[in-house]
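First the structure, in the form of structure tokens, and then the observations on it.
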Amino acid sequence: MSKAIVVAERDNIAAVIEDGKICEFYVHRGDVLLNDVYLATVDNILPSIDAAFVNVGSDKMGFLHADDAIGKGTLKEKLSPKQKIIVQVVKEPVGHKGPRVSTLLSLPGRFLVLMPQETGINVSRKIVSQKERARLKSIISLLKPVGVGVIVRTEAEGQSDSDIQEDMEILLEKWNTIVTAAETRPAPSLLYRDQDLLYRVMREACSEDVDEIILDTSYGMHRTQQILQNWNMNKNIDVNVYKGSETLPVASGIVKEIKEALQTKVNLPSGGYLFIQTTEALTVIDVNSGKFVSSNTQDETIVKTNLEAVHEIARQLRLRNIGGMVIVDFIDMANRRDKLAVMEELEIALEKDKAKPQVGQLSDLGLVELTRHRQGQSLAEIFSKKCPHCQGTGYIADDLTFSSPVAEGEIKAKAAKLKIPVQQLKNKTPNYKQNKVFNNPNNNPLNDNEQNNQKQNFNNKFNKKHGFKNNNNKLEDIETKEQLLDEISNILEEKPSETPQQTENVTVIEAPVSEETQVKEKKTKKTSARKNSKKQNESVTAESQNDSDKSVKKETKKKTERKPSKTKKIQSKKSEEIVNV
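All residue numbers for the sequence shown refer to the working numbering, where the first residue is 1 and numbers rise by one.
Here's what the structure looks like:
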């Protein structure tokens, strides 16, 4: 297996590449980072949750649980308000939550981990040889001072006494620097931060199986060569400086892999895919066969897909730095032997993970529960933020507009008259939503500017259709249907000369109208009836005076009788058009 390390010091990001695929990131970004050591002050003690909040100098308070505080007794016996304490960040801030801190400090080195508040010596369980474990314990017991504890890491196996002693001296020097800074600096303040990304990557990721290390600066290359020489690892590792035109994260594929890791869907080589979704409580991974149909039987397809998914899940957990509870939904397998094969493969694939995931049993529903220790912020928390529109839910609520009884009744009446379904008429009515808003202003979701624009567009269309100028006869102040009908009547009375031209080719279409429109039509009919009676009296008087003009008078009478009726129909039709708009 080929392994390479890419370190971009200018961008504070590094990546570990195994077999041509990036499997892990190291990122230094943010105000509060993992393993930072602060001189903090106790702000508030809450016995109800058995925890305290401490001020570390950031905008969010640090959370200190009673189990993470040094001392005996209750939390109030251990701490007091305004007390100065030295704390270390064990979990970076996430969302609205502040960082979690602990008074049990740990300073990691290459071979050892120094625990200043504890005593004793512990050796990694991965060192199996009892002889080697005894040798390492004897070395540490001679080197460590009284009152501190030490954990021997797996990398210390087979190392010389001088290398272990050098690592111990570096850790003790760091602890003395922290103690000195705590005595001289005011609280709250930052006492120690592992700002050297290069040294951290070399300490955590560099091992004997690394083939190449690529850096973006010459200074970083010289430092890497010096570190490897001190560790006696400079024989088989090539150290190079990138000199391309593009930036190192782009040329090495780091940017591309970050964008893919922020997606929900992950494709598998055979055509299957994974769905990875992270929530506040846990992370869910769903396995799907997708387009994988090359196997002979269904059981074979399911087993191959699950085995491919096992390796990709182990890689995605490290790549995305997912912590906490993880639920994996494998494709259901009927054969017990297939289930055992998938679980064994999962255990083997997770052995490379330094976060030490703990895997549960495969349930009858095909679910596997596992927990992974949180190590800083996840990749999504570093390189993404919540959508300001949907607030991270992925959905936007639709406009909740409801029709008023008047508008709904008009639509139903028109649909019954035309003998078509109501929903079909609603779909064919482009301004149906605007009609609902017009009939029920309380449900109007539009702002004032949009309402004014709708009124102005209506006025322009009405004036253009009936030949009126936009400067006169404006309908901006019309708010009710009665005012609208009165305005229509006034307009028709002011421009009688245009009525005959417009009514020559007009065909009257009966349509359902509202109660207010019917009242208006009755008033118009009464007015026209009075005019007709007066004209009849005048025609009778004229007939008695001159019999020769009788025929002419009759035709004039018929014409005058037609005009009011047509005017009435025009008024009714225009009022119906305005109401429908």
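C-beta atoms are modelled at their ideal positions from N, C-alpha and C, and glycine is treated no differently.
Q: Pull up the distance between the alpha-carbon of residue 322 and that of residue 393, whole angstroms please.
A: 19 Å
**Q.** Selection from 249, 278, 288, 254 that minimises the alpha carbon distance to residue 268
**A.** 288
Q: Buried or exposed for residue 6, please, with buried defined as at least 16 other CB atoms from any protein chain shown within 10 angstroms of its CB.
A: buried
Q | Euclidean distance between Cα positions of residue 93 and residue 456 | A | 52 Å
Q) Which ranges would you report for the beta strand (DSSP E) in the segment 332 to 362 if only whole runs of at least 3 residues count? A) 358 to 362
Q | Cα-Cα separation between residue 69 and residue 335, rounded to whole angstroms | A | 49 Å
Q | Spatially closest choice to residue 59 from 30, 85, 46, by CA coordinates | A | 30
Q: Just confirm the distance between the C-beta atoms of residue 284 and residue 274, as a whole number of angstroms; I'd bet it's less than 8 Å.
A: With 8 Å as the limit, residue 284 and residue 274 do not qualify as a contact, their Cβ atoms being about 10 Å apart.
Q | Coil, strand or helix - residue 329 by DSSP | A | strand
Q. Based on Cα-Cα distance, which residue from 146, 147, 183, 203 lies nearest to residue 110?
A. 203
Q. Taking all protein chains shown into account, do 16 or more other C-beta atoms lie within 10 angstroms of the C-beta of residue 398, making it buried, or fewer, making it exposed?
A. exposed
Q. Can you find at least 3 beta carbon pairs, one from the segment 257 to 265 and one from the segment 350 to 369, that sit closer than 8 Å?
A. no
Q: Identify, in the order they occur along the chain, each residue of the same chain with its Cβ nearer than 8 Å to the Cβ of residue 371, setting aside the five sequence neighbours on each side.
A: Closer than 8 Å at Cβ, skipping near neighbours: 324, 325, 326, 357, 358.
Q | Pairwise C-alpha distance: residue 113 and residue 151 | A | 5 Å
Q) Can you list, in chain order, the residues of its chain whose CB lies under 8 Å from that of residue 12, leaving out five sequence neighbours each side? A) 27, 28, 29, 197
Q: Could you tell me the distance, in whole angstroms, from the CA atom of residue 563 to the CA atom of residue 524?
A: Because residue 563 carries a pLDDT of 47, less than 50, the predicted location of this residue cannot be relied on, and the following value inherits that uncertainty. So the alpha carbons of these two residues sit roughly 13 Å apart.
Q. Within the chosen definition, does the segment 120 to 132 reach the segment 174 to 182 through at least 3 CB pairs nearer than 8 Å?
A. no
Q) Closest to residue 55 by CA distance: which of 115, 130, 189 is it? A) 189
Q: Would you kindly work out how many angstroms separate the C-alpha atoms of residue 442 and residue 412, rounded to a whole number?
A: Since pLDDT at residue 442 reaches only 48, below the 50 mark, its modelled position is unreliable, and no value is offered.
Q. With residue 89 and residue 32 assumed to form a contact (beta carbons below 8 Å), what rounded beta-carbon distance in angstroms separates them?
A. 6 Å
Q) Looking only at its own chain, which residues have a Cβ that is under 8 Å from the Cβ of residue 447, when we skip the five neighbours before and after it? A) Here residue 447 scores only 49 on pLDDT, less than 50, and its place in the model should not be relied on; the value that follows carries that caveat. Excluding sequence neighbours, residue 447 sits near nothing in its chain.
Q: Inspect the beta-carbon positions of residue 378 and residue 320 and report whether they are closer than 8 Å.
A: yes
Q) Over what stretch of residues does the beta strand (DSSP E) that includes residue 53 continue unbroken? A) 51 to 55
**Q.** The beta strand (DSSP E) enclosing residue 17, as first and last residue numbers
**A.** 13 to 18
Q) Leaving out five residues before and five after residue 223 in sequence, what residues of the same chain have Cβ atoms less than 7 Å from its Cβ? A) Here the set comprises 198.
Q: Could you tell me the boundaries of the beta strand (DSSP E) in which residue 242 lies?
A: Premise fails: residue 242 is in no beta strand (DSSP E) and is neither H nor E.
Q.
Relative to the C-alpha of residue 212, which candidate in 19, 417, 105, 418 has its C-alpha closest?
A. 19
Q) Tell me which same chain residues have a C-beta within less than 6 Å of the C-beta of residue 362, skipping the five on either side of it? A) Answer for residue 362: 339, 343, 368, listed in chain order.
Q) Using a beta-carbon distance below 8 Å, is residue 138 in contact with chain B? A) Absent from the structure is chain B; it holds one protein chain and no more.
Q | C-alpha distance - residue 217 paired with residue 253, whole-angstrom precision | A | 18 Å
Q: Leaving out five residues on either side along the sequence, give the residues of the same chain with a beta carbon under 7 Å from the beta carbon of residue 382.
A: 27, 29
Q | Residue range of the beta strand (DSSP E) that includes residue 383 | A | Where residue 383 is concerned, there is no enclosing beta strand (DSSP E), although the alpha helix (DSSP H) around it starts and stops at 379 to 383.
Q: Tell me where the alpha helix (DSSP H) around residue 309 begins and ends.
A: Its alpha helix (DSSP H) spans residues 298 to 320.
Q: Sort 330, 140, 127 by Cα distance to residue 366 and report the nearest one.
A: 330
Q. Which residue comes first and which comes last in the beta strand (DSSP E) that contains residue 44?
A. 37 to 46
Q) Counting Cβ pairs closer than 8 Å, one from the segment 136 to 147 and one from the segment 226 to 238, do we hit at least three? A) no
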